[in-house]
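Those protein sequences? They're chains A and B, same order as listed.
Residue numbering for the first sequence follows full-length UniProt numbering, beginning at 1 and increasing consecutively.
Residue numbering for the second sequence follows full-length UniProt numbering, beginning at 1 and increasing consecutively.
Heads up, the beta-carbon is just placed ideally off N, CA and C, and yes, glycines get one too.
Computed from a predicted model, the values in this text were never measured in an experiment.
To start, the structure under review is shown below, and the notes come after it.
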Amino acid sequence: MKRRFANIYLIIVFAILYAPIIFLIAYSFSQGDTMTNFHGFTWRHYQTLFSDTRMLAIVANTLLIALLSALIATLIGTLGALSITRTTKRVTRESLLTLNNVLMVSPDVIIGASFLIFFTMLKIPLGFSTVLMSHIAFEIPIVVLMVLPRLREMSASLLDAAQDLGATTRQLLTHVIIPFISPGIFAGFFMALTYSLDDFAVTFFVTGNGFSTLSVEIYSRARQGINLEINALSGVMFLFSLLLVGGYYWIQQASQKRRQRKREVVS
Amino acid sequence: MTKRRTWTYFLPYGLWLALFVIAPVALIIYQSFFDLGHHFTLSNYSTYFQSATYLKMTANSVWYAFLITLFTGLISYPTAYFIHQLKHRQFWLLLVILPTWINILLKAYAFIGIFSQAGLANQFLTFIGIGPQQILFTNASFIFVATYIQIPFMILPIYNALDDLNPAFINASRDLGASNWQTFRHVIFPLTLPGVKAGIQAVFIPSLSLFMLTRLIGGNKVITLGTAIEEHFLTTMNWGMGSTIGVILIVAMIVVMLLTGDQKREGGTPR
């Protein structure tokens with residue numbers, strides 16, 4: 001009885017979560033021009049999308065920004081997490097963590113507006129570089145937060161053992177610490193990617209006139225009304241996310257199994 | 001030697017802290033003291049606190065954010081709880097995360113279609129005999145879409161809190177004769193409260209600043225603090241006033257964080 005209630009509840013929640021997405025994608029195959037009545041199947045909107053060079057360039061920009069910013073943010077964030085764990089004073093660590101979380105909790109508009117003031121004061125022209133820097137900036141804290149727990153789980157004896165065996169600082173880092181925290185680094189990179197792809201508000205503030213990312217483009221097109229090319233775009237993007245999430249899930253499962261197997265071998 | 005190495009590792013992160021965390025916050029506060037003619041002044045603040053429009057807008061914005069957070073919480077807690085009991089919970093959790101991968105603008109765009117005059121929602125209303133209504137560009141549609149977008153961000157922290165919960169507590173509670181409801185009320189809910197608070201933080205603050213939804217779905221009827229800031233920065237180019245509202249938003253954010261985050265120091269969660 002209780003089980004059944006739980007299941008019905010979950011079905012409703014998941015239906016609501018996915019209905020708009022399915023709706024959006026379904027209409028990308030409709031022959032009409034509006035999202036009202038389905039007019040029969042067509043690939044037409046996908047053809048429009050793939051011949052829309054402006055849109056394709058924007059997709060490429062968005063992916064480039066996402067990958068590049070996530071990579072750099074993962075690097076800086078991991079170094080940051082490493083230095084935070086190395087701090088000996090509790091006060092220093094707490095204040096570093098507080099500062100780290102400022103951008104996590106700040107509303108997008110504040111981040112966007114303050115970065116806009118910042119870039120304008122430094123006279124950096126708005127465009128690709130400002131968007132990239134902003135994305136790196138707001139992705140770093142999430143990487144730190146993903147890496148820190150793994151670093152905390154690492155036992156000190158592991159490091160002592162490596163040092164006793166004559167490992168240099170560099171070897172310690174590359175052979176002991178990095179492999180151990182790699183799931184955290186990976187998760188951080190992934191979250192950073194998500195943040196970048198999903199961001200609209202910050203980009204909207206710092207993008208200027210010439211450069212555009214998908215969110216900004218969709219915003220300006222959506223303000224003009226329904227255009228089924230956007231539906232086709234969401235179809236493609238959904239497939240893309242599905243592949244990414246599927247890949248992530250698969251890698252996690254695989255690494256878990258590997259760890260289990262290792263444990264079995266050890267015991 | 002090692003000390004110096006540590007410093008070089010810290011350098012990029014430290015630079016980031018200085019340039020992209022401390023400097024921007026300082027700049028927005030600094031900017032809020034300048035009027036359109038770049039004169040140092042307190043007039044932005046006095047305008048803000050004397051203007052009924054600004055104060056009403058702020059109150060409205062907080063009220064809407066409160067409603068969005070409330071609905072999100074009411075929907076998300078049971079969802080997280082039920083998912084946690086499932087067999088393939090990691091998989092279901094991924095299904096919760098997946099929609100957050102769809103660009104927020106695309107989701108808003110989907111609702112423009114669903115809520116339009118002849119859209120899905122109105123077809124349904126016609127079907128059950130109510131007849132078509134104006135749904136898009138109402139306050140209710142704004143709250144609905146905002147809630148929809150925020151649900152995953154509330155489910156995740158609550159789920160994590162449930163996952164951290166030691167099942168021994170639940171067994172102990174049952175062994176001591178507590179009913180399911182009592183166990184939930186006195187054991188599970190209090191112990192997962194940090195998750196709920198994290199969820200409130202993750203939902204309430206962004207809800208104060210969702211300016212694209214107020215434009216696309218709310219039809220500019222709802223003006224949140226975020227909408228006001230965007231308008232001042234990008235349309236009327238009055239950065240001083242925009243920054244002032246920004247400072248108000250930062251203060252609101254700090255208040256929310258103090259209300260929801262302080263518990264850790266008091267209790268020192270036993271784990």
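In this structure, DSSP gives Phe29/A a state outside helix and strand, which the three-state scheme calls coil. Within its own chain, the residues whose Cβ lies closer than 8 Å to the Cβ of Ile177/A, once the five positions on either side in sequence are excluded, are Leu82, Leu151, Met154 and Leu159, listed in chain order. Leu27/B is not a Cβ neighbour of Asn238/B, given a cutoff of 8 Å. The alpha-carbon separation between Ser51/A and Arg44/A amounts to approximately 11 Å.
Pairing Asn60/B with Thr192/B, the inter-Cα distance amounts to about 30 Å.
In this structure Val145/B is in contact with Leu213/B, their Cβ atoms being roughly 6 Å apart against a cut-off of 8 Å. With its beta carbon less than 8 Å from one in chain A, Phe233/B belongs to the interface. In the three-state DSSP reduction, Phe40/B falls in the strand class (E or B). Scanning chain A for C-beta atoms nearer than 8 Å to the C-beta of Phe211/B yields Val109 and Ala201, reported in chain order.
Runs of the alpha helix (DSSP H) lying entirely within the region 39-107 of chain B and spanning at least 4 residues, in chain order: 43-50, 52-85 and 89-101. The residue among Ile22/A, Ile117/A and Ala66/A with its C-alpha nearest the C-alpha of Leu19/B is Ile117/A. Within chain A, Ile76, Ala137 and Ile140 have C-beta atoms less than 7 Å from the C-beta of Trp16/B, given in sequence order. Under the 10 Å beta carbon count, Phe211/B is surrounded by 16 or more other beta carbons and is classified as buried. No Cβ-Cβ contact shorter than 8 Å links Leu234/B with Ser209/B. In this structure Ser129/A is exposed. Its beta-carbon is surrounded by fewer than 16 other beta-carbon atoms within 10 angstroms. Inclusion of Tyr27/A and Gly113/B in the CB contact set at 8 Å is warranted, their separation being smaller than that value.
Counting of Cβ neighbours within 10 angstroms places Arg215/B among the buried residues, the total reaching 16 or more. Burial state of Phe41/A is exposed, judged by a 10 Å Cβ sphere holding fewer than 16 other Cβ atoms.
Under the three-state reduction of DSSP output, Phe34/B falls in the strand class. Judged by DSSP in its simplified three-state form, Phe186/A adopts helix.
For Phe41/A, DSSP records a beta bridge to Ser30/A.
At a Cβ-Cβ threshold of 8 Å, Phe119/A and Val206/A count as neighbours. Among the residues facing chain A, Trp101/B is included, as its CB has a counterpart in that chain under 8 Å away. Residue nearest to Pro78/B within the set Asn44/B, Ala110/B, Ser46/B and Ile155/B is Ile155/B (criterion: CA-CA distance). Per DSSP, reduced to three states, the secondary structure at Ser155/A is coil, with no helix or strand assignment. Annotated three-state conformation of Met237/B is coil, per DSSP.
For Ser173/B, the secondary structure class from DSSP, reduced to helix, strand or coil, is helix. The alpha carbon of Val144/A has as its nearest neighbour, out of Phe180/A, Ser157/A, Met104/A and Gln171/A, the alpha carbon of Met104/A. Here the alpha carbons of Trp7/B and Arg93/A stand approximately 15 Å from one another.
Under the three-state reduction of DSSP, Leu10/A is assigned to helix. The beta carbon of Thr126/B is closer than 8 Å to those of Pro132 in its chain, skipping five residues each way along the sequence.
Chain-ordered listing is empty here: chain B has no CB closer than 9 Å to the CB of Met146/A, the nearest sitting near 13 Å. Its Cα nearest to that of Leu99/A, the residue Ala23/B stands out among Ala178/B, Ala23/B, Val255/B and Tyr148/B. In the three-state scheme derived from DSSP, where H, G and I count as helix and E and B as strand, Met35/A is classed as coil. Fully contained in the region 105-129 of chain A are the following alpha helix (DSSP H) runs of length 4 or more, in chain order: 108-121.
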